[in-house]
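Each residue of the sequence shown is one higher than the one before, counting from 15 in the numbering used here. Even glycine gets a Cβ: it sits at the ideal position worked out from N, Cα and C.
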Amino acid sequence: MFGWFTNPEAQANMNDKVHMVAPRTIMQWMSHDECVVIDVREPNEYVQAHIPGSILMPLSQFDPAKVPVDPAKKLVIHCRSGNRCGMAAARMMAAGFGGEIHRMEGGIMNWRIQGGTVESGA
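Next comes the structure, spelled out in structure tokens:
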């Protein structure tokens, strides 16, 4: 599943298709309904605080085939600090996802620092 670490061609594809994006940019995209935001944290983390409108798809159960892709919108993946969203992006690339993936820099921690709103509950 994680052959992309040692496969130079797969790694090059990751570099071309996966981009780190600042929370403020994502806030702007969200205000114009230009993106779908996937939260790959676990349910207990999501219930405590999550980005309004984000879709929970925990990394522990992450299935790239179930990611809701809208060709008219950017795909954003985030987690707590930025690590797990990288793993999710790698799984998507390994599964053959051909579009671009935007990872939120610093995850929800940075989102909150940058003034992003969160809500609690499911």
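- Sequence-distant Cβ neighbours of A63 in its own chain, meaning closer than 6 Å and more than five residues away, are V132, S134.
- In terms of Cβ geometry, V61 and C99 do not form a close pair [threshold 9 Å].
- It is roughly 15 Å from the alpha-carbon of I52 to the alpha-carbon of M123.
- Shown here, I127 sits in a helix according to DSSP, grouped into three states.
- Here the alpha carbon of Q75 sits roughly 12 Å from the alpha carbon of V81.
- For the set H33, E56, L89, the Cα lying nearest the Cα of V50 is the one of L89.
- A Cβ-Cβ separation of about 5 Å places G121 in contact with R94 under the 8 Å criterion.
- By the criterion of a C-beta distance shorter than 8 Å, R117 is surrounded in its chain by V32, H33, M34, V35, V90, I91, H92, G96, C99, G100, A103, once the five residues flanking it on both sides are discounted.
- One Cα belongs to I69, the other to G130, and the distance between them is close to 16 Å.
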